[in-house]
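So the structure is just underneath, and the comments pick up after that.
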């Protein structure tokens, strides 16, 4: 093979590589835009769900007795404190993660996201139990009220 053929071959390979690289970068940009768009939609949806839940909770709270309100306020204060501590720990961990190499930081954020999803599922499971217990308690209260009304 002649030297000129080798240079031509190298130049063609370099051009082909640049084309593939440009295509790959464009694909990654599109995926990043899609991901960011999906995250914005999820955040908006989560904010709407939270607002609806807050209204529902406020409705329950408005109808509750003073004793229930006092206990609920204490529990909510404790939960809010726990959430704030979790956020604070997460910020500390994020600062430490930012000192890692880019690939390690990305791995860390993926692991953190998976952990938070698992944690959220545990909290959701607890909420489901609370909903079931509330339904049972409401049925008992309504049953006791109905029995008292017939006497």
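Residue numbers (this note's numbering): -15 to 135.
All C-beta atoms, glycine included, are put in the ideal place defined by N, C-alpha and C.
Computed from a prediction, not measured in an experiment: that's the story for all the values here.
Element boundaries [alpha helix (DSSP H), containing residue i]
{"i": "residue 83", "result": "First-last for residue 83: undefined, no H or E at that position."}
Own chain residues within Cβ distance below 6 angstroms of residue i, not counting five before or after
{"i": "residue 92", "result": "81"}
Spatially closest choice to residue i from the options, by CA coordinates
{"i": "residue 110", "options": "129, 63 and 48", "result": "63"}
{"i": "residue 48", "options": "128, 122, 107 and -11", "result": "122"}
{"i": "residue 42", "options": "60, 30 and 26", "result": "60"}
C-beta atoms of residue i and residue j nearer than 8 angstroms
{"i": "residue 45", "j": "residue 39", "result": "no"}
Cβ shell of residue i (< 8 angstroms), same chain only, five flanking positions each side left out
{"i": "residue 28", "result": "none"}
{"i": "residue 56", "result": "45 and 48"}
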